[in-house]
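Student:
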Ligand code: PNS
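Residue numbers (this note's numbering): 4 to 188.
(1) Can you tell me the Cβ-Cβ gap for residue 11 and residue 36, rounded? I've got them flagged as a contact below 8 angstroms.
(2) In whole angstroms, what separates the C-alpha of residue 151 from that of residue 13?
(3) Would you call the stretch 49-67 and the stretch 96-106 touching, i.e. three or more CB-CB distances under 8 angstroms?
(4) Would you report the Cα separation of residue 115 and residue 23, rounded to the nearest angstrom?
(5) For residue 63, count neighbouring C-beta atoms within 10 Å of its own C-beta (all shown protein chains included) and say buried if the count is 16 or more, exposed if not.
(6) Which residue's Cα is closest to the Cα of residue 111: 83, 93, 122 and 137?
(7) Using a 10 Å radius around the Cβ and a threshold of 16 neighbouring Cβ atoms, would you call residue 176 buried or exposed?
(8) Quick one: give me the first and last residue of the alpha helix (DSSP H) that residue 125 is part of.
(9) Kindly indicate which residue of 170, 9 and 17 has the alpha-carbon position closest to the one of residue 70.
(10) Three-state secondary structure (DSSP) at residue 72?
(11) Roughly how many angstroms lie between the CA atoms of residue 48 and residue 16, to the nearest whole one?
(12) Can you check which of these residues, 28, 89, 87 and 155, is closest to residue 139 by C-alpha distance?
(13) Measuring CA to CA, which of 93, 79 and 78 is closest to residue 25?
(14) With a CB to CB cut of under 6 angstroms and the five nearest residues on each side skipped, what residues in its chain are close to residue 120?
(15) Residues in the same chain with beta-carbon distance under 6 angstroms from residue 118, minus the five sequence neighbours each way, listed in chain order, please.
(16) Select from 160, 18 and 67 the residue whose C-alpha is nearest the C-alpha of residue 34.
(17) Is residue 13 near ligand 1, in the sense that its beta carbon is under 6 angstroms from a heavy atom of that ligand?
(18) Do you know offhand how far residue 129's Cα is from residue 136's?
(19) Whose C-beta lies closer than 6 angstroms to the C-beta of residue 74 among residues of the same chain, with five residues either side of it excluded?
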């Protein structure tokens with residue numbers, strides 16, 4: 004088992020600034036951090052696995068010791084397969100603790116050599132969760148500052164087809180700057 008490799012598993016639907024904050028902190032502690040997105044066939048996520056993979060890869064492109072991957076089945080099995088020694092999980096508030104403790108202890112029962120390490124994101128993200136971001140964005144509320152800009156844009160494209168079309172046309176340079184009207188003589 005490699006002491007330097009840690010796994011940061013989750014759904015990341017979508018990745019938030021809290022996730023990114025934890026990835027940055029984790030990347031400073033571990034030799035290699037593998038952000039592992041769960042391939043969950045039961046849930047119907049807002050973002051496809053491919054979309055989440057793409058967003059996380061873009062967001063962590065500058066962190067050389069961070070790798071993004073997907074996994075199915077038991078997390079501990081995947082951790083073993085990549086030779087990880089630690090599982091990194093974020094704890095925002097006491098309310099997270101009970102669930103995280105249960106999960107950590109179950110994972111320890113399944114694989115006693117795998118340690119869970121809890122880290123806290125910056126306090127400004129202590130209330131940010133993917134579920135709340137989805138909820139707010141779905142009814143048109145602002146999530147700027149809670150998610151990275153690229154995620155904010157993807158949310159808007161997903162939830163507002165008109166915005167998506169506008170962005171596509173802008174990328175293709177189809178939209179011209181409004182022409183000035185000629186003054187009447
Ligand atoms: O971001 P989430 O949804 O809180 O992450 C939960 C996740 C993916 C870490 C957890 O559900 C998981 O590890 N699932 C894989 C299946 C598994 O190993 N279950 C036993 C966990 S005790």
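Every residue gets a Cβ at the ideal spot worked out from N, C-alpha and C, and that includes glycine.
Tutor: So, from the listed chains and residues:
(1) 6 angstroms
(2) 17 angstroms
(3) no
(4) 28 angstroms
(5) buried
(6) 83
(7) exposed
(8) Neither: residue 125 is in no alpha helix (DSSP H) and is coded neither H nor E.
(9) 9
(10) strand
(11) 7 angstroms
(12) 155
(13) 93
(14) 89 and 91
(15) 89
(16) 67
(17) yes
(18) 13 angstroms
(19) 39 and 81
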